[in-house]
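Remarks on the structure that follows.
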Amino acid sequence: MDIKEGLSLKKHIILIIAVLISLFICISLGSVSIPIKETINIIWGLLLGKEPYGMYADILIHVRLPRVLSVMPVGAALSLAGAAMQGIIRNPLADGSTLGTSSGAALGAVIALSLGVWLPSFPVAGTVVFAIVFSFISLIIVLSLSYAVDKLLSNNTIILMGVIFSMFTSSFISLIMAFSGERLRSITFWTMGSLAGSNFNNVLLLLITLIIAGSALMLNARELNAFSLGEDEAMHIGVDVKKTKLIILVSVSFLIGVSVSVGGSIGFVGLIVPHTCRLLFGGNHFKLLPSCVYVGAIFLLFMDLIARTLVSPVELPIGVVTSFIGAISFVIIYYRRRKHAGT
Amino acid sequence: MLELKNISIQYGSKYAVKDVSIKLYSGDWLVLLGANGAGKSSIINALARAVKYTGEIKLEGKKIEQYSPREYAKRVGVLSQLHEKDPSLSVTEVVSLGRYSHSKRLFSGLSKIDTQKVQQAIAVTGLTEYAERPMHTLSGGERQRAYLAQVFAQDTEVLLLDEPVNSLDMKYTLSLLDAIDIWRKEKQGIVISALHDLSLAACFGSRALILLKGEQLYEGDIKEALYNPKIDTAYDLPVVKTMQDIYSFWDTNK
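As you go down the protein sequences, you meet chains A and B in turn. First residue of the first sequence: 1, per the numbering used here; consecutive thereafter. First residue of the second sequence: 1001, per the numbering used here; consecutive thereafter.
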């Protein structure tokens, strides 16, 4: 008998089909509903290299498609980042939002926006770079402060530090906003999270980040499994602990930094999705990481759909929707953990 | 051969271990003896490369710092006290991690040899029927056996035991130590253990190192060590008499 660790081919196929079905549903629905048949015709035409025309085609190709195509990698990236962070610090409540990484990235983006840092041919470059660097710095600050207080890095300490750090960065963001004058509108955007107005450049940037950082994490899936035994135990079986941590923290910073710079802070995705995947597919990172990519994409597609349609024609920021659902899930996970482990 | 030369370990200004030297050969089972805080765990941690020390530790003539993490893990395995938290992995997945240092695969899956070693380790520790069970559904004794299976799968020459039978009941304690003893004899491996129970130390150990506040009081054969007056100093009570008193119940009720 062979020992297999990854997702079976059957599960991959089922999940890919689920992603495609969700994609179709989400590009058809919105303030203007496009019939499924029409959607299929337009997409088919697009795939055959034709230029479909008409109102439906315009909405679909120029508004909805770039949007859902950025929503999917953002969902995947945030979920992957959450799963990896939870693995490395052995804490199921770790996530970009609970560790202050997302707000750190947002602070970076806001600073870049208010200073007007950008490159001529690539307007988002300034915010992207700032967001990545700031998310990395935030991770290091929160983790080292937590470690200084509590060597065991228990739930309570890390989350408390994360919350305090988030408040600290939020106050900075408010301060910058107070002085930003006419840039206020675009900055407000970052603090709430929205993927309206995404373009194909963003899609490309997100996909490249997802592929590179995602591969780096997948190549460390075995190390992440080892970390789930404990850091010392990982070292005892031969894991280069420092190197692994660095690779994972840098990958996570890239994933969160790029997601935040494109979509603003979208909270709790990295908490809900990995938790669900762990229940569905188990805690082995060879299964957890790929399933997070699929489920994260599907999850955020529907969150975005809710944001677009719930009180249409007014659009809710997607971060508001995920935070609403995420906060409730957080309480449930925390409660269940305390009941089980007492930590 | 494993050689410790003038090992000292300091936490802040306080010495946890001071100037300990010992040479160990294939097939030795060294028991570290001493009261709480005598430095037993610190020595194990130094050998596991988990704490800084001064002095020199050589494995097969090479300083242990010179091994890469993987190369060292191929030679030295560690079994610690049972953790409170457990990974959401199955027994097979935990045992498979023991092959980490041997595996060259980038992505998932194990080679034929790795698979064989994992299944062997699971069989030897009597876990075959639990192989696919998630760790958190097992009892403490079964989980600790899974961690032992992981160390066996790691296929090392040296095994470090840091109070591995704490919190285990008598049956699991004996079956765990028996399995380790069989491994030691077959593989001619070196075992270094911190064990609280002196009777167990006498049963399984071959050599002893008595420690008092980090200093080496005695080093030599285990049976001699247990009757040496220095052990009374180390534990601050008459050891032989105390043990005979405690266990006298069993003699008189034959």
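Where is the CB? At the ideal position from N, CA and C, for every residue including glycine.
ask   = If contact means a Cβ-Cβ distance below 9 Å, which residues of the stretch 197-226 of chain A contact chain B?
value = Correct list: 218, 219, 221, 222, 223, 225 and 226.
Which runs of the beta strand (DSSP E) at least 3 residues long sit entirely within the stretch 1089-1165 of chain B? Give them in chain order. Within the stretch 1089-1165 of chain B, the complete beta strand (DSSP E) runs of at least 3 residues are 1158-1162.
| request: Compare the C-beta of residue 1010 of chain B against all C-beta atoms of chain A and say whether one is closer than 8 Å. | output: Residue 1010 of chain B sits at position 10 when you count from the first residue of the second sequence. Under the 8 Å criterion on CB atoms, residue 1010 of chain B is classed as non-interfacial with respect to chain A.
Going by beta-carbon coordinates alone, are residue 1184 of chain B and residue 1027 of chain B separated by less than 8 Å?
The count along the second sequence starts at 1 and reaches residue 1184 of chain B at position 184. The count along the second sequence starts at 1 and reaches residue 1027 of chain B at position 27. By the CB criterion at 8 Å, residue 1184 of chain B and residue 1027 of chain B fall inside the cutoff.
Kindly list the residues whose CB is nearer than 7 Å to the CB of residue 225 of chain A, restricted to its own chain and excluding five residues on each side of it in sequence; keep chain order. Here residue 225 of chain A refers to the residue found at position 225 of the first sequence. Result list for residue 225 of chain A: 284 and 285, in chain order.
Do residue 1103 of chain B and residue 1110 of chain B have their beta-carbon atoms positioned less than 8 Å apart in this structure?
By one-based count along the second sequence, residue 1110 of chain B stands at place 110. By one-based count along the second sequence, residue 1103 of chain B stands at place 103. Closer than 8 Å, so yes.
Where does residue 233 of chain A fall in DSSP's three states?
Translated into positions along the first sequence, residue 233 of chain A becomes position 233. In the three-state reduction of the DSSP assignment, residue 233 of chain A falls in the helix class.
Report the rounded CA-to-CA distance for residue 60 of chain A versus residue 27 of chain A, giving the unit in angstroms. Position 60 of the first sequence, counted from the start, is the residue given in the question as residue 60 of chain A. Position 27 of the first sequence, counted from the start, is the residue given in the question as residue 27 of chain A. Rounded to the nearest angstrom, the two C-alpha atoms are 7 Å apart.
*asked:* By the 8 Å beta-carbon criterion, what residues does the stretch 254-287 of chain A contribute toward chain B?
replied: Listed by position, the residues of the stretch 254-287 of chain A near chain B (Cβ gap below 8 Å) are 278, 282, 283, 284 and 286.
### Message
Taking CB distances under 8 Å as the criterion, tell me whether residue 229 of chain A reaches chain B.
### Response
If you number the first sequence from 1, residue 229 of chain A lands on position 229. Closer than 8 Å: yes.
Checklist entry - Between residue 327 of chain A and the ligand ZN, is the CB less than 7 Å from at least one heavy atom? => result With respect to small molecules bound, the structure shown includes none, and the ligand ZN cannot be examined in it.
Quiz item: Which of the residues in the stretch 230-246 of chain A, read from start to end, lie with their CB under 9 Å from any CB of chain B?
Solution: The residues in question are 230, 232, 233, 234, 235, 236, 237, 238, 239, 240, 241 and 243.
Any beta-carbon of chain B closer than 8 Å to the one on residue 4 of chain A? As a working mapping, residue 4 of chain A is identified with position 4 in the first sequence. Yes, residue 4 of chain A counts as interfacial toward chain B.
### Nearest neighbour of residue 310 of chain A, chosen from A/9, A/14, A/30 and A/88 [CA to CA]
Counting from 1 along the first sequence, the entry for residue 310 of chain A is found at position 310. That would be A/30, whose Cα lies nearest to the Cα of residue 310 of chain A.
Backbone secondary structure at residue 34 of chain A - three-state DSSP: If you number the first sequence from 1, residue 34 of chain A lands on position 34. In the structure shown, residue 34 of chain A adopts coil according to DSSP, grouped into three states.
Please report the residue range of the alpha helix (DSSP H) in which residue 90 of chain A lies. Start at 1 with the first residue of the first sequence, and residue 90 of chain A comes out as number 90. Here residue 90 of chain A belongs to no alpha helix (DSSP H), and DSSP marks it neither H nor E.
- Item | residue 1054 of chain B, DSSP secondary structure in three states | Sequence index remark: in the second sequence, residue 1054 of chain B carries index 54 (1-based). Assigned with DSSP and collapsed to three states, residue 1054 of chain B falls in strand.
Sub-8 Å separation of residue 1138 of chain B and residue 1146 of chain B beta-carbons:
Taking the first residue of the second sequence as position 1, residue 1138 of chain B is located at position 138. Taking the first residue of the second sequence as position 1, residue 1146 of chain B is located at position 146. The Cβ-Cβ distance between residue 1138 of chain B and residue 1146 of chain B falls below 8 Å.
- Query: Does DSSP put residue 220 of chain A in a helix, in a strand, or in coil?
  - Reply: Here residue 220 of chain A refers to the residue found at position 220 when the first sequence is read from its first residue. Three-state DSSP puts residue 220 of chain A in coil, outside helix and strand.
Worksheet item: Mind pulling the chain A residues with CB within less than 7 Å of residue 1154 of chain B?
Response: In the second sequence, residue 1154 of chain B corresponds to position 154, counting from 1. Near residue 1154 of chain B (Cβ distances below 7 Å), the residues of chain A are 237.
- Message: Let me check understanding here. Comparing Cα to Cα, which of A/68, A/176, A/81 and A/315 lies closest to residue 275 of chain A?
- Response: Along the first sequence, one-based indexing puts residue 275 of chain A at 275. Closest option to residue 275 of chain A, Cα to Cα, is A/81.
- Message: Quick check: the Cα distance between residue 1011 of chain B and residue 1046 of chain B, rounded to an integer number of angstroms?
- Response: Start at 1 with the first residue of the second sequence, and residue 1011 of chain B comes out as number 11. Start at 1 with the first residue of the second sequence, and residue 1046 of chain B comes out as number 46. Their Cα atoms are separated by approximately 12 Å.
Buried versus exposed call for residue 342 of chain A [16 or more other C-beta atoms within 10 Å across all chains shown] = The sequence position of residue 342 of chain A within the first sequence is 342, counting from 1. Summary for residue 342 of chain A: the model assigns pLDDT 42, below 50, so the residue's position carries little reliability, and this model does not support an answer.
With 8 Å as the threshold, decide whether the Cβ of residue 1226 of chain B is near any Cβ in chain A. For the purposes of this step, residue 1226 of chain B is taken as residue 226 along the second sequence, with counting starting at 1. So no, residue 1226 of chain B is outside the interface.
Going by the CB atoms, is the gap between residue 1234 of chain B and residue 1289 of chain B shorter than 8 Å? No answer is possible for residue 1289 of chain B: the residues shown for chain B start at 1001 and end at 1254.
Out of curiosity, what's the CA-to-CA distance linking residue 322 of chain A and residue 58 of chain A? For the purposes of this step, residue 322 of chain A is identified with residue 322 of the first sequence, where counting begins at 1. For the purposes of this step, residue 58 of chain A is identified with residue 58 of the first sequence, where counting begins at 1. Approximately 28 Å between the Cα atoms of the pair.
*What residues of chain A sit near residue 1073 of chain B, judged by a beta carbon separation below 9 Å?*
Start at 1 with the first residue of the second sequence, and residue 1073 of chain B comes out as number 73. Below the 9 Å Cβ cutoff, chain A contributes 235, 236, 237, 238 and 239 as neighbours of residue 1073 of chain B, in chain order.
**Request:** Report the residues of the stretch 1127-1141 of chain B with a CB closer than 8 Å to any CB of chain A, ordered along the chain.
**Result:** Listed by position along the chain: 1134.
Next item on the list: Please name the residue or residues paired with residue 1220 of chain B in a DSSP beta bridge.
Entry: Locating residue 1220 of chain B in the second sequence gives position 220, where the first residue counts as 1. Residue 1220 of chain B is bridged by DSSP to B/1208.
- Query: residue 94 of chain A and residue 209 of chain A: beta carbons closer than 8 Å?
  - Reply: The residue given as residue 94 of chain A occupies position 94 in the first sequence. The residue given as residue 209 of chain A occupies position 209 in the first sequence. Not closer than 8 Å, so no.
- For residue 5 of chain A, count neighbouring Cβ atoms within 10 angstroms of its own Cβ and tell me buried if that reaches 16, exposed if not. Within the first sequence, numbered from 1, the residue matching residue 5 of chain A stands at position 5. By the 10 Å Cβ count, residue 5 of chain A comes out buried.
Task: Residues that DSSP places opposite residue 1003 of chain B in a beta bridge - done: For the purposes of this step, residue 1003 of chain B is taken as the residue at position 3 of the second sequence. DSSP output for residue 1003 of chain B lists B/1023 and B/1058 as bridge partner(s).
| message | Going by the DSSP bridge assignment, what does residue 1063 of chain B pair with across the sheet? | response | For the purposes of this step, residue 1063 of chain B is taken as residue 63 along the second sequence, with counting starting at 1. Partner residues in the beta bridge of residue 1063 of chain B, as assigned by DSSP, are B/1058.
Practice task
Determine, using beta carbons only, whether residue 1070 of chain B comes closer than 8 Å to chain A.
Solution key: Taking the first residue of the second sequence as position 1, residue 1070 of chain B is located at position 70. Taking 8 Å as the CB threshold, residue 1070 of chain B lines the interface with chain A.
Task: Alpha-carbon to alpha-carbon, residue 1124 of chain B and residue 1172 of chain B - done: Reading the second sequence from its first residue, position 172 is the one you call residue 1172 of chain B. Reading the second sequence from its first residue, position 124 is the one you call residue 1124 of chain B. Their backbone Cα atoms lie some 14 Å apart in a straight line.
(request) Give me the Cα-Cα distance between residue 1008 of chain B and residue 1136 of chain B, rounded to the nearest whole angstrom. (result) Reading the second sequence from its first residue, position 8 is the one you call residue 1008 of chain B. Reading the second sequence from its first residue, position 136 is the one you call residue 1136 of chain B. Their Cα atoms are separated by approximately 38 Å.
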